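Q:
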Amino acid sequence: MPDTQLKKLITLQLLTLALALMLFGCGGSKQSNESQEAAPPSESSSPVAENIDDLVAASSFNFTSKATIALSINITELEGQRAHVNLYSQYQKIADGYYPSPSSRVISGTMSDGSYQNTFINTNQQQRYLLEIWRYDSSPPIQQELTIANAKLSL
Amino acid sequence: MKPILLSFVKHSTRYLLLSATLLTLMASPALSEPFGHCPSKAFLFQGTPVASYGINLVTGNYALIEDDSGIDANINGLGFNQQDRYLYGFNTTHFLLTRLGGDFQAETLNLSGLPQNTSFYVGDVAHHHYYLYRRNTGFYKVDLSPLEQDINAPLIAQLITTNASIRLTDFAFHPNDDMLYGVDNSSGILYQINPANGNQIAIGDTGETGTFGAMYFDYNGYFYLSRNQDGQIYRIDLSSVTSSTTPTQLTELSVVAVKFADGPSSSQNDGARCASAPLIDEDSPATIDFGDAPASYHTTLAENGARHLIDANTYLGLTPPDGDYDGYTGANSDDNTILASASYDDEDGVNFVTALEIGLDSVISVYASGSGILSGWFDWNRDGDFSDDNERTINDISLSPGFNIISIRVPQDATIGNSWSRFRFSQQTNLSYDGGSTSGEVEDHQIQIASANLSYRYYPSEAGWVTLAYEDKWPESEDYDMNDVVMRYRTIEVIRENKVVRVDIIGALQALGGYHHNGFAVQLTNIATSNVNLQTLRLLHNNIEQQYSGTNGADTWPILESGQTNAVLLISQDLWSQVDSMCTFYRSELGCEQLQTFTFELSVPFITPVALEAMPSAPYDPFIFATEGLYHGESFAGHPGRSLEIHLADHAPTDKFNNDYFGQQDDTSDPANNRYFRTINNLPWAMEITDQWRWPSERKSILQAYPKFQQFVESQGLEEANWYQENEATVANLFQ
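Protein chains in written order, with the working numbering: chain Y, 1027 to 1181; chain Z, 65 to 800.
#1: Let me check understanding here. Comparing Cα to Cα, which of Z:Phe450, Z:Met279, Z:Pro342 lies closest to Z:Asn333?
#2: Leaving out five residues on either side along the sequence, give the residues of the same chain with a beta carbon under 8 Å from the beta carbon of Z:Asp136.
#3: If you follow the alpha helix (DSSP H) that Z:Pro311 is part of, which residue opens it and which one closes it?
#4: Could you give the C-beta distance for Y:Pro1128 and Y:Tyr1117, rounded to a whole number, given that I count them as a contact under 8 Å?
#5: Three or more C-beta pairs under 8 Å: does that hold for the stretch 518–532 of chain Z against the stretch 544–557 of chain Z?
#6: Closer than 8 Å by C-beta to Z:Gly100: which residues in its own chain qualify, once you throw out the five before and the five after it? Chain order, please.
#7: Which word fits Y:Glu1069, buried or exposed, when buried means at least 16 other C-beta atoms lie within 10 angstroms of its C-beta?
#8: Taking the alpha carbon of Z:Gln492 as the reference point, which residue from Z:Leu463, Z:Leu382, Z:Gly268 has its own alpha carbon closest?
#9: Report the CB separation of Z:Gln780 from Y:Phe1087 in whole angstroms; it is logged as a contact under 8 Å.
#10: Any Cβ of chain Z within less than 8 Å of the Cβ of Y:Lys1092?
#11: Which stretch, first to last residue, makes up the beta strand (DSSP E) that contains Z:Gln110?
#12: Among the candidates Z:Cys338, Z:Val320, Z:Ala716, whose CA atom is the shortest distance from the CA of Z:Phe281?
#13: Could I get the ranges of all uninterrupted alpha helix (DSSP H) runs contained in the stretch 709–793 of chain Z, with 4 residues as the minimum, in chain order?
#14: So Z:Tyr280 is in the beta strand (DSSP E); what residue range does that whole segment cover?
#15: What does the alpha-carbon distance come out to for the pair Z:Glu784 and Y:Asn1150?
#16: May I ask you to list, following chain order, the residues of the stretch 467–483 of chain Z that have a beta carbon less than 8 Å from some beta carbon of chain Y?
#17: With DSSP run on the structure shown, which of helix, strand or coil describes Y:Ile1078?
#18: Strictly below 7 Å CB to CB, what residues from chain Y border Z:Ala682?
#19: Going by C-alpha distance, which of Z:Gly423, Z:Pro622, Z:Gly614, Z:Ser519 is nearest Y:Val1132?
#20: For Z:Glu171, name the three-state secondary structure that DSSP assigns.
#21: Please work out which residues of its chain come closer than 6 Å, Cβ to Cβ, to Z:Pro669, disregarding the five sequence neighbours upstream and downstream, and give them in chain order.
#22: Only counting the same chain, and skipping five residues up and downstream in sequence, which positions put a Cβ closer than 8 Å to that of Z:Ala228?
#23: For Y:Gln1153, go through chain Z and note every residue whose CB falls closer than 9 Å to its CB, in chain order.
#24: Could you pull the start and end residues of the beta strand (DSSP E) that Z:Pro358 belongs to?
#25: Indicate the three-state DSSP secondary structure (helix, strand or coil) for Y:Pro1128 in the structure shown.
#26: Select from the stretch 782–793 of chain Z all residues with a C-beta closer than 7 Å to any C-beta belonging to chain Y, and list them in chain order.
#27: To which residues of the same chain is Z:Ser707 closer than 8 Å at the C-beta, ignoring the five residues directly before and after it?
#28: Since I believe Y:Val1111 is in contact with Y:Tyr1142 (beta carbons under 8 Å), could you give me their beta-carbon distance rounded to a whole number of angstroms?
#29: In or out: Z:Gly124 buried (at least 16 other Cβ within 10 Å) or exposed?
#30: Does any C-beta atom of chain Y lie closer than 8 Å to the C-beta of Z:Glu752?
#31: Can you give the Cα-Cα distance for Z:Ala321 and Y:Lys1178, rounded to whole angstroms?
#32: Can you list the residues of chain Z that Y:Glu1158 reaches, using a CB-CB cut of under 8 Å?
#33: Rank Z:Tyr361, Z:Phe416, Z:Leu380, Z:Ala432 by C-alpha distance to the C-alpha of Z:Asp447 and give the top, closest one.
#34: Is there a Cβ of chain Y sitting closer than 8 Å to that of Z:Asn590, yes or no?
#35: Alpha carbon to alpha carbon, how far is Z:Leu438 from Z:Asn459? Give it in angstroms, no decimals.
#36: Out of Z:Val305, Z:Ala260, Z:Leu633, Z:Phe773, point me to the one whose CA is closest to Z:His193's CA.
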């Protein structure tokens, strides 16, 4: 398409310009505007951010709040039955029980003799999860909201 | 355009009144105003006195617009005149030419030249001429231009030909070749009729017969037939026809009529439509729900995709679906698009609460808003369609409001792997996996067909995303807008007996905010290259299987990289080659919103399953690397290519990396102490944000966009853990 070709041509020209700036030791086209960027944006009333060059992180910090959580389920009543575990991070309480968001499922696993163990990553310091256990006899699921304690979810 | 008039004889007694009423009819007291625009809706006209209906061809929904046209007569053979935006038709009760304005009030026109006491039921308009057709009588045209000056101007019908042998009840002008098309009711043959001379070409058999009282075109050149007897709307693909299409090419077309929607039945029908209007009006709020499976499953309108007119009562999940203007092809792709910016995750009513294990029963939990009918299709053999014999697995089940537990049996001959399912909930029965529906919702869901006893571990969740953000000037620290490469990313681990048998990695490129060309790859640390099963390794780009991670002329790059100790999966050699940006950069500058166009899906099966405790932690080691043969900044003497990689902080590079680069410029990596890709202030060049994330716009630092990032970093993540959320951002400094 002509428009696309034009954009590519413009991109190519800008690339050439950027290359020329680099050859003259300007440190790249984006850096050439760095001094202007130190000023807070005039359209924002947010607090003035510290310059990124002044920000110091701990040498071991990985820039997330992730944590590994152990899930441990043991239900003796389900021994010998076929059953399936689901763990959700998002759900809501409705009249019929909990309504889990399927897209928030963290674990989907087959129970073995009423038992299930696994680990998962808690990405956002979430404290509570919804556990569902389904049997295959068309009965409603067992639903239980679990709270993390000592990096574990247990039932 | 036109129908069949079973009540014609009954009305013949009124002929005696014709001369007495003619003058009265012509003396319309007030002029009807034309339509304000070229409407996307089709119109259907029924009965005596004529009633006007608006019909949504996409779904088959229809509604009465006006049951009083101001005259006690049937009007038939209607066509929309794009020149003056009136509907023209033939008053079959009094044998008069008539037009309807935007208020659907009839005005009688002063026409002569037609046979006396003869009704015409077939008509359409093009280029300011009204064309009429009657079998065994003739084919006529009327110049409408005199009406521009005077509504009472004399109009004269001109005979084109007396050769009129096709058994038509309507015809319509194709918007691209200005020819008339109609289907013979008895034979089902589609004809082209030349309006200049009446010459006919029998194009082919549509496979359908009946009284097709209403025929329409849309602006893409699709031809629609509405059958009076059962109201079914069929579509014939004439979109490839242009004014240069030869008769031979025409007769080589497949013109099989495909069931499109269920509309109203009638003993008397005529249809008219502004053919230059799109079928769905994008200037109006979207009211139709589409699925989002790949196109081969019939998802888009062009593929006669499954679609439902949204109503307030029939949907799956807790909230009604959002409207779409067309189907989006790809998992959850209709949830966040520019074309439907108000979209949200509406695939929320169907929950696969157990695994789909071959030969065994599985349980699906479906939440219904109210009573309705559910059908479900599963692509068990993973051939990209729902049309195989056993794939309609749920067949017109009645649902009750609230949770419904449904058991299905996975066929013994189902194929292991990722596939798709489709659920349609409606007040209608007998829906297909494609076509329109007058109510309800369609939900498309990716599925995993598995052997028994598998578990799945999702990161961050089954349909959630983390965001990977890269600065690509390493070893030079730069503007820190963290948008040189922005990728949404999730992983799925398939586990049997506490060992991972397969890893799936799914991503969607969000932005490219830098000039440099970068590839994207994932290193599976501590998993040997030799443990990846090359026979079943699979990489999809935009749902299309790839043989290589990139090509350049005769050069090809594999998906599993050779010469590596750890398994390194190459996803793309050059992300810039995957997009076509409307701006200098891709989705990073203000005002440069455009659709996201690159997704990938990587499936990595292991020859020897990997114990859970030996698996690297998700997201593993996703990194960018320099595209071969291209400049990547003044830090490098030549083109670094695969020797340059940029990883998350403290993730060691692969064997292809040139360790001599460490310690240059702003980099303070110290491999001896497992320190990688950090500045003197310990800041990284790549970050993982554990959610969907709106990245900073061009040259706005992450601190300018997200001021609380500072406190988050300085507290080592103990404070302001939600720093990346939109409500914590200086929105003016974000992209979009």
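All C-beta atoms in this analysis are idealised placements derived from N, C-alpha and C, irrespective of residue type, glycine included. Being a predicted model, the structure only gives us computed values, none of them experimental.
A: Straight from the coordinates:
#1: As a working mapping, residue 333 of chain Z is identified with position 269 in the second sequence. When the alpha-carbon of Z:Asn333 is set against those of Z:Phe450, Z:Met279, Z:Pro342, the nearest one is in Z:Met279.
#2: Reading the second sequence from its first residue, position 72 is the one you call residue 136 of chain Z. For Z:Asp136, where only same-chain residues beyond five positions count, the Cβ hits under 8 Å are Thr112, Pro113, Thr157.
#3: The residue labelled residue 311 of chain Z in the question sits at position 247 within the second sequence. 311–315 is the extent of the alpha helix (DSSP H) around Z:Pro311.
#4: Within the first sequence, numbered from 1, the residue matching residue 1128 of chain Y stands at position 102. Within the first sequence, numbered from 1, the residue matching residue 1117 of chain Y stands at position 91. The C-beta separation of Y:Pro1128 from Y:Tyr1117 comes to about 10 Å, leaving the pair out of contact by the 8 Å criterion.
#5: Touching, yes.
#6: Taking the first residue of the second sequence as position 1, residue 100 of chain Z is located at position 36. Non-local beta-carbon contacts of Z:Gly100 in its own chain, meaning distances under 8 Å to residues more than five positions away in sequence, involve Arg149, Gly166 in chain order.
#7: Here residue 1069 of chain Y is taken as the residue at index 43 of the first sequence, counted from 1. For Y:Glu1069, the predicted model reports a pLDDT of 42, less than 50, meaning its position is unreliable; a value from the coordinates is still stated below. So Y:Glu1069 counts as exposed.
#8: As a first step, residue 492 of chain Z is located in the second sequence; it is residue number 428 there, counting from the start. Ranking Z:Leu463, Z:Leu382, Z:Gly268 by Cα distance to Z:Gln492 puts Z:Leu463 first.
#9: Numbered from its first residue, the second sequence carries residue 780 of chain Z at position 716. Numbered from its first residue, the first sequence carries residue 1087 of chain Y at position 61. At roughly 5 Å, the Cβ-Cβ gap stays under 8 Å, so Z:Gln780 and Y:Phe1087 are in contact.
#10: In the first sequence, counting from the first residue as 1, residue 1092 of chain Y sits at position 66. Chain Z has a Cβ within less than 8 Å of the Cβ of Y:Lys1092.
#11: Here the question's residue 110 of chain Z lines up with position 46 in the second sequence. Its beta strand (DSSP E) spans residues 106–110.
#12: Within the second sequence, numbered from 1, the residue matching residue 281 of chain Z stands at position 217. With distances taken between Cα atoms, Z:Phe281 lies closest to Z:Cys338.
#13: Taking 4 residues as the minimum length, the alpha helix (DSSP H) runs contained wholly in the stretch 709–793 of chain Z are 766–769, 773–778, in order along the chain.
#14: Stepping through the second sequence from its first residue, residue 280 of chain Z is reached at position 216. First-last of the beta strand (DSSP E) with Z:Tyr280: 276–281.
#15: On the second sequence, residue 784 of chain Z is found 720 positions in, with the first residue counted as 1. On the first sequence, residue 1150 of chain Y is found 124 positions in, with the first residue counted as 1. Between Z:Glu784 and Y:Asn1150, the C-alpha separation is close to 11 Å.
#16: Answer in chain order: Phe467, Ile469, Ser471.
#17: Mapped onto the first sequence, residue 1078 of chain Y falls at position 52. Of the three classes helix, strand and coil, the one that applies to Y:Ile1078 here is helix, per DSSP.
#18: The sequence position of residue 682 of chain Z within the second sequence is 618, counting from 1. Residues of chain Y passing the Cβ test: Ile1147.
#19: Your numbering for residue 1132 of chain Y matches position 106 in the first sequence. Comparing Cα-Cα distances from Y:Val1132 to each of Z:Gly423, Z:Pro622, Z:Gly614, Z:Ser519, the minimum goes to Z:Ser519.
#20: Here the question's residue 171 of chain Z lines up with position 107 in the second sequence. When secondary structure is reduced to three states using DSSP, Z:Glu171 falls in the strand class.
#21: Residue numbering aside, residue 669 of chain Z sits at position 605 when the second sequence is read from its first letter. Contacts found: Arg566, Asn597, Thr600.
#22: Here residue 228 of chain Z refers to the residue found at position 164 of the second sequence. The residues Tyr197, Arg198, Arg199, Asn200, Thr201, Gly202, Phe203, Gly262, in chain order, have a CB closer than 8 Å to that of Z:Ala228 in the same chain once the five nearest residues on each side in sequence are set aside.
#23: Here residue 1153 of chain Y refers to the residue found at position 127 when the first sequence is read from its first residue. In chain Z, no part has a C-beta under 9 Å from the C-beta of Y:Gln1153; the shortest such distance is about 12 Å.
#24: By 1-based counting over the second sequence, the position of residue 358 of chain Z is 294. Where Z:Pro358 is concerned, there is no enclosing beta strand (DSSP E), given that its DSSP letter is neither H nor E.
#25: In the first sequence, the residue the question calls residue 1128 of chain Y occupies position 102. DSSP places Y:Pro1128 in helix when its eight states are reduced to three.
#26: Under the 7 Å Cβ criterion, the stretch 782–793 of chain Z contributes Ala785.
#27: Here residue 707 of chain Z is taken as the residue at index 643 of the second sequence, counted from 1. The answer, listed in chain order, is Ala690, Lys720, Phe721, Asn722, Tyr725.
#28: Within the first sequence, numbered from 1, the residue matching residue 1142 of chain Y stands at position 116. Within the first sequence, numbered from 1, the residue matching residue 1111 of chain Y stands at position 85. Y:Tyr1142 to Y:Val1111, Cβ: 5 Å. Contact.
#29: Taking the first residue of the second sequence as 1, we reach residue 124 of chain Z at position 60. Classification for Z:Gly124: buried.
#30: For this step, residue 752 of chain Z is matched to residue 688 along the second sequence. Cβ-Cβ to chain Y under 8 Å: yes for Z:Glu752.
#31: Taking the first residue of the second sequence as position 1, residue 321 of chain Z is located at position 257. Taking the first residue of the first sequence as position 1, residue 1178 of chain Y is located at position 152. About 60 Å.
#32: Your numbering for residue 1158 of chain Y matches position 132 in the first sequence. Under a criterion of Cβ atoms nearer than 8 Å, the residues of chain Z adjacent to Y:Glu1158 are, in order, Val417.
#33: Mapped onto the second sequence, residue 447 of chain Z falls at position 383. That would be Z:Tyr361, whose Cα lies nearest to the Cα of Z:Asp447.
#34: For the purposes of this step, residue 590 of chain Z is identified with residue 526 of the second sequence, where counting begins at 1. At least 8 Å separates the CB of Z:Asn590 from every CB of chain Y.
#35: For the purposes of this step, residue 459 of chain Z is taken as the residue at position 395 of the second sequence. For the purposes of this step, residue 438 of chain Z is taken as the residue at position 374 of the second sequence. Going by C-alpha positions, Z:Asn459 is about 7 Å away from Z:Leu438.
#36: Numbered from 1 along the second sequence, position 129 holds the residue referred to as residue 193 of chain Z. Here the closest residue by C-alpha is Z:Ala260.
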